[in-house]
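One structure is given here, and the rest of the page talks about it.
In our numbering, the protein residues as written are 43 to 212.
In structure tokens:
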């Protein structure tokens, strides 16, 4: 071990003056370097912010352009869909109308055929079941009475004519 010599007062004072000088010089250099780095970083940050703003503007413009293209394309598709839907509705309506007419014609033909069959197959017994018996008998009685009365009148008239002819002859 090396024996230490106690420092003298002059050497102590000189050493105390150089330490703050060295420390202050180191602090200034460090401060200047830090300041230069900070300025450089700020400039880089400004450049990056400008680039971000430019990219954001470009993206917004492209979004607007894409939306307008998309809206026009959607409008075109909606018009096309509406036209197709209308065309199919028209075709469906025409087919439905034709089918309705066809079914009406078939029903009319079937009804006519059924009526003819029914008319051919109706018997007197069927009519008796349909017409109230009391009304039918009443009508028949009137018809019979009228017929008998007409025959009497005709016979009476014929008898009078015959008597007139006989009296003229005799």
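All C-beta atoms, glycine included, are put in the ideal place defined by N, C-alpha and C.
Here the alpha carbon of residue 135 sits roughly 10 Å from the alpha carbon of residue 128. Between residue 149 and residue 162, the alpha-carbon positions lie close to 20 Å from each other. A direct Cα-Cα distance of roughly 18 Å separates residue 125 from residue 113. Rounded to the nearest angstrom, the gap between the Cα atoms of residue 122 and residue 94 is 41 Å. A distance below 8 Å between beta-carbons, with the five flanking residues on each side excluded, links residue 101 to no residue of its chain.
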